[in-house]
Amino acid sequence: MALYAFRYCCFIFLLYLMAIRAHNIPSTLDGPFNPVTVPYDTSLRGKAVDIPDTDPRLRRRVKGFEPEQISVSLSTSYDSVWISWITGEFQIGDRIKPLDPKTVSSIVRYGRLRNSLSHEATGYSLVYNQLYPFEGLKNYTSGIIHHVRLTGLKPNTQYYYQCGDPSISAMSDIYYFRTMPVSGPQSYPKRIAIVGDLGLTYNTSTTIGHLISNEPDLVLLVGDVTYANLYLTNGTGSDCYSCSFSQTPIHETYQPRWDYWGRFMQNLVSKIPIMVVEGNHEIEEQAGNKTFAAYSSRFAFPSEESGSSSSFYYSFNAGGIHFIMLGAYIAYNKSSDQFKWLERDLANFDRSITPWLVAAWHPPWYSSYVAHYREAECMRVEMEELLYSYGVDIVFNGHVHAYERSNRVYNYTLDSCGPVYITVGDGGNREKMAIKHADEPGKCPEPLTTPDTYMGGFCATNFSHGPAVGNFCWDRQPDYSAFRESSFGHGILEVKNETWALWTWYRNQDSHNKIGDQIYIVRQLDRCPVHYTRQKLIASS
Numbered sequence: 034m035a036l037y038a039f040r041y042c043c044f045i046f047l048l049y050l051m052a053i054r055a056h057n058i059p060s061t062l063d064g065p066f067n068p069v070t071v072p073y074d075t076s077l078r079g080k081a082v083d084i085p086d087t088d089p090r091l092r093r094r095v096k097g098f099e100p101e102q103i104s105v106s107l108s109t110s111y112d113s114v115w116i117s118w119i120t121g122e123f124q125i126g127d128r129i130k131p132l133d134p135k136t137v138s139s140i141v142r143y144g145r146l147r148n149s150l151s152h153e154a155t156g157y158s159l160v161y162n163q164l165y166p167f168e169g170l171k172n173y174t175s176g177i178i179h180h181v182r183l184t185g186l187k188p189n190t191q192y193y194y195q196c197g198d199p200s201i202s203a204m205s206d207i208y209y210f211r212t213m214p215v216s217g218p219q220s221y222p223k224r225i226a227i228v229g230d231l232g233l234t235y236n237t238s239t240t241i242g243h244l245i246s247n248e249p250d251l252v253l254l255v256g257d258v259t260y261a262n263l264y265l266t267n268g269t270g271s272d273c274y275s276c277s278f279s280q281t282p283i284h285e286t287y288q289p290r291w292d293y294w295g296r297f298m299q300n301l302v303s304k305i306p307i308m309v310v311e312g313n314h315e316i317e318e319q320a321g322n323k324t325f326a327a328y329s330s331r332f333a334f335p336s337e338e339s340g341s342s343s344s345f346y347y348s349f350n351a352g353g354i355h356f357i358m359l360g361a362y363i364a365y366n367k368s369s370d371q372f373k374w375l376e377r378d379l380a381n382f383d384r385s386i387t388p389w390l391v392a393a394w395h396p397p398w399y400s401s402y403v404a405h406y407r408e409a410e411c412m413r414v415e416m417e418e419l420l421y422s423y424g425v426d427i428v429f430n431g432h433v434h435a436y437e438r439s440n441r442v443y444n445y446t447l448d449s450c451g452p453v454y455i456t457v458g459d460g461g462n463r464e465k466m467a468i469k470h471a472d473e474p475g476k477c478p479e480p481l482t483t484p485d486t487y488m489g490g491f492c493a494t495n496f497s498h499g500p501a502v503g504n505f506c507w508d509r510q511p512d513y514s515a516f517r518e519s520s521f522g523h524g525i526l527e528v529k530n531e532t533w534a535l536w537t538w539y540r541n542q543d544s545h546n547k548i549g550d551q552i553y554i555v556r557q558l559d560r561c562p563v564h565y566t567r568q569k570l571i572a573s574s
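The opening position of the sequence shown corresponds to residue 34 in the working numbering, with each subsequent residue numbered one higher.
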């Protein structure tokens with residue numbers, strides 16, 4: 034029986050390879066590839082204009098304390114998910130009085146049959162404030178935010194649920210979600226959507242419409258969610274905050290944009306789980322130097338379940354994929370809590386159960402655009418070796434408002450065992466697209482202008498090796514950059530088995546099924562074993 038099963042698997046794999054060749058889809062086995070730049074088409078600037086608050090998709094459609102802004106997110110494994118929602122209305126103005134979370138219960142009723150929601154779970158609730166200690170600025174307090182964790186779920190199973198507080202007749206409609214498949218080397222979600230720098234523009238609407246048409250099982254949002262910080266507290270917005278509002282005593286935000294975003298996204302994320310990691314637009318400084326209040330309050334994260342003490346970094350499994358979400362705007366050096374957590378997480382995940390290792394954070398380490406060029410170099414210096422040693426397969430980033438896919442790379446050198454880095458910071462944000470490349474004549478940034486003060490010190494010096502040695506920028510598209518294009522869009526990851534995964538990028542300007550970029554990412558188990566063990570890491574520290 035075992036021999037028959039082995040032969041059958043080999044036969045299926047051969048058919049799979051024949052299908053790949055028939056469709057002429059390249060794979061990383063064919064690389065490294067010569068760099069490609071798709072010329073920028075000025076007619077595709079798109080409507081990088083925020084959807085106004087008068088749009089019906091952004092308006093509040095519930096009454097009293099009925100739930101709205103409903104979403105699903107994953108815990109660490111298939112048997113648990115989080116349900117989140119908001120009840121009550123936000124307040125913004127000079128005199129605000131926060132709602133009392135204790136006045137509304139956090140209850141989810143759920144089951145495998147729509148007419149039999151026989152299980153019930155309770156959770157916790159909170160409100161957050163965005164306060165500004167300056168005359169004339171409006172303060173904000175949220176509605177009551179609820180998070181409830183469901184446990185004991187079956188893998189790859191559709192569940193129906195209803196959330197709210199039945200004691201005050203404030204329950205939602207009935208929604209549904211599907212759990213992730215059980216973790217294993219032949220068990221994967223069919224399609225995972227990857228998007229970054231989303232915002233709430235007409236481009237965003239196109240991105241989400243195309244994304245929904247691809248029927249994903251999971252959505253990853255790699256930072257920069259609403260761009261509420263492109264607004265003053267009175268609701269006046271701009272494409273460039275520092276250009277238009279340079280005299281404000283603090284970087285203001287218009288927090289209702291978060292509520293608009295939650296309403297706009299509910300149709301998708303009330304059914305399809307969404308996993309989010311923070312970006313720079315989520316910093317949102319307020320009184321007392323408090324930051325990230327909206328981000329940390331509105332989303333549920335599997336931080337505790339994955340051994341993390343922070344919403345800025347955590348991990349989870351989706352079938353045979355282990356995802357690591359890292360924080361670029363919190364300490365990441367080797368003595369930090371995040372780095373120590375990352376060491377533990379990498380040492381403890383089982384590659385025989387989750388063969389694929391995928392990481393995500395907001396600012397890219399490998400980008401050839403002028404925008405944010407080498408901005409995250411300090412983070413790369415601290416963390417790249419550790420991730421490489423454990424054989425990270427793919428890294429997803431945002432931040433740069435364009436699309437770029439790398440060849441396999443490590444320390445700026447082509448390396449068949451390095452990750453493929455994919456930047457998808459082109460979800461539709463108001464700040465428009467990045468179009469200038471650092472390798473173009475006269476476009477190389479001055480090194481001292483590149484650090485982000487919020488991310489740490491200056492680490493991006495001239496290259497010490499390779500074709501660009503002695504220079505801060507390449508004089509041509511870098512070898513590590515396989516494909517780049519300035520267009521809005523999203524990506525879909527389809528892991529086929531323990532060694533092959535199909536990556537497809539879709540551009541907003543195309544029809545739903547037209548492909549902008551596509552490649553098979555192949556794990557080479559014979560050539561790329563894990564370089565370090567946990568014991569070696571401890572011995573060297």
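No residue lacks a Cβ here, since even glycine has one placed at the ideal position from N, Cα and C.
Residue i versus residue j - alpha carbon distance
i, j, result
"Pro-199", "Ser-303", "19 Å"
"Met-412", "Ala-203", "46 Å"
"Asn-541", "Thr-269", "27 Å"
"Val-82", "Leu-233", "8 Å"
"Leu-558", "Ser-216", "19 Å"
"Glu-464", "Leu-150", "44 Å"
"Trp-6", "Asn-444", "Residue 6 lies beyond the range of the chain shown here (34 to 574); nothing can be said about it."
"Gln-568", "Arg-377", "Interpretation of Gln-568 is limited by its pLDDT of 38, a score under 50 that renders its predicted location unreliable; the figure taken from the coordinates is listed afterwards. Near 11 Å, if we compare the C-alpha coordinates of Arg-377 and Gln-568."
"Asp-133", "Tyr-209", "29 Å"
"Pro-452", "Ser-439", "9 Å"
"Val-403", "Asp-550", "22 Å"
"Ala-55", "Cys-450", "Because Ala-55 carries a pLDDT of 44, less than 50, the predicted location of this residue cannot be relied on, and the following value inherits that uncertainty. So the two alpha carbons sit approximately 27 Å from each other."
"Tyr-193", "Asp-383", "31 Å"
"Phe-576", "Ile-178", "Nothing about residue 576 can be read from this structure; the chain reaches only from 34 to 574."
"Leu-379", "Tyr-423", "7 Å"
"Val-255", "His-395", "5 Å"
"Gly-144", "Thr-212", "12 Å"
"Gln-102", "Val-309", "15 Å"
"Cys-561", "Val-141", "45 Å"
"Glu-479", "Asp-508", "15 Å"
"Leu-231", "Asn-381", "33 Å"
Residue i versus the options, residue with shortest Cα-Cα distance
i, options, result
"Leu-164", "Asn-381, Glu-415 and Gln-319", "Gln-319"
"Tyr-161", "Pro-188, Thr-190 and Glu-122", "Glu-122"
"Ala-261", "Leu-254, Glu-408 and Cys-273", "Cys-273"
"His-243", "Gly-522, Phe-332 and Val-555", "Gly-522"
"Asn-406", "Arg-463, Pro-484 and Thr-446", "A small fix is needed here, since residue 406 is Tyr in this sequence, not Asn. Comparing Cα positions, the closest option is Pro-484."
"Tyr-431", "Asp-543, Lys-476, Asp-383 and Gly-360", "Contrary to the premise, residue 431 reads as Gly rather than Tyr in this sequence. For the residues Asp-543, Lys-476, Asp-383 and Gly-360, the minimum Cα distance to Gly-431 belongs to Gly-360."
"Pro-249", "Ser-544, Leu-535, Glu-527 and Ile-548", "Glu-527"
"Gly-156", "Val-137, Gly-144 and Asn-148", "Val-137"
"Lys-130", "Tyr-111, Lys-171, Val-141 and Arg-94", "Lys-171"
Cβ-Cβ distance between residue i and residue j below 9 Å
i, j, result
"Arg-224", "Ile-525", "yes"
"Ala-351", "Leu-251", "yes"
"Glu-311", "Tyr-362", "yes"
"Ser-330", "Trp-374", "no"
"Leu-301", "Ile-241", "yes"
"Ala-326", "Glu-337", "no"
"Ser-113", "Leu-62", "no"
"Ser-175", "Trp-294", "no"
"Trp-533", "Ile-554", "yes"
"Val-71", "Phe-496", "no"
"Ile-1", "Pro-188", "This structure gives no information on residue 1, because the portion of the chain shown stretches from 34 to 574."
"Trp-118", "Ser-104", "yes"
"Val-428", "Leu-420", "yes"
Residue i: first and last residue of the uninterrupted alpha helix (DSSP H) it sits in
i, result
"Val-414", "410–422"
"Ile-241", "235–246"
"Phe-372", "370–381"
"Met-298", "289–302"
"Cys-276", "274–277"
For residue j and residue i, believed in contact at Cβ under 8 Å, the rounded distance
i, j, result
"Asp-426", "Val-391", "6 Å"
"Ser-348", "Phe-356", "6 Å"
"Ala-471", "Ser-401", "6 Å"
Enclosing beta strand (DSSP E) for residue i [first to last residue]
i, result
"Ser-110", "Counting along the chain, Ser-110 falls outside any beta strand (DSSP E), and DSSP gives it neither H nor E."
"Asp-550", "550–555"
"Arg-211", "208–211"
"Ala-326", "Run containing Ala-326: none in the beta strand (DSSP E); it sits in the alpha helix (DSSP H), 326–331."
"Gln-195", "191–198"
"Asn-541", "Where Asn-541 is concerned, there is no enclosing beta strand (DSSP E), given that its DSSP letter is neither H nor E."
"Ala-154", "152–155"
"Phe-505", "Here Phe-505 belongs to no beta strand (DSSP E), and DSSP marks it neither H nor E."
"Gly-97", "Careful: Gly-97 lies outside any beta strand (DSSP E) and carries neither H nor E."
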